Amino acid sequence: MKGDRVEVVIDAGGDTRTYEIEATRAGRRVDVTHGRGVVEVTETTRGGTPVRTARFMSGRVLALVEHPAARPLLEDDEPVTPLRRTA
Numbered sequence: 001m002k003g004d005r006v007e008v009v010i011d012a013g014g015d016t017r018t019y020e021i022e023a024t025r026a027g028r029r030v031d032v033t034h035g036r037g038v039v040e041v042t043e044t045t046r047g048g049t050p051v052r053t054a055r056f057m058s059g060r061v062l063a064l065v066e067h068p069a070a071r072p073l074l075e076d077d078e079p080v081t082p083l084r085r086t087a
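Next up, the structure:
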């Protein structure tokens with residue numbers, strides 16, 4: 001969905017770098033796969049064709065955060081009750 005994005009923070013030898021991969025058009029999505037020492041983030045079309053791909057060595061990845069796009073509230077959505085903090 002347009003607006004979905006993935007934020008990847010990597011260790012760059014004493015420094016950290018942050019990369020963001022975002023679904024830039026309607027109908028596209030962002031997929032995350034990992035295996036064999038590689039984390040791959042791909043923006044794909046509805047048909048599954050990859051548009052752009054970012055690959056990172058999994059040993060260097062410090063954080064991977066998925067940010068789903070905000071969806072508009074619908075009429076039948078119930079209000080969200082916030083969790084109460086205990087003392």
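Numbering (the working numbering), first residue to last: 1 to 87. No residue lacks a Cβ here, since even glycine has one placed at the ideal position from N, Cα and C. Since the structure is predicted, the reported quantities are computational estimates derived from the model, not experimental observations.
Have a look at the options and flag the residue whose alpha-carbon is nearest the alpha-carbon of residue i.
i	options	result
A28	G3, G59 and L83	In the sequence as displayed, the identity of residue 28 is Arg instead of Ala. Selected option, being the one with the closest Cα: G3.
H67	D31, G14 and P50	D31
T16	E78, V61 and R85	V61
T55	E78, I21 and R5	It should be pointed out that residue 55 corresponds to Arg in this sequence rather than to Thr. Per the Cα distances, I21.
D11	D76, M57, T24 and L73	M57
Where does residue i fall in DSSP's three states?
i	result
R84	coil
### Query
Going along the chain, which unbroken runs of the beta strand (DSSP E) with 3 or more residues stay wholly within the segment 11–81?
16–22, 29–35, 38–44, 50–57 and 61–67
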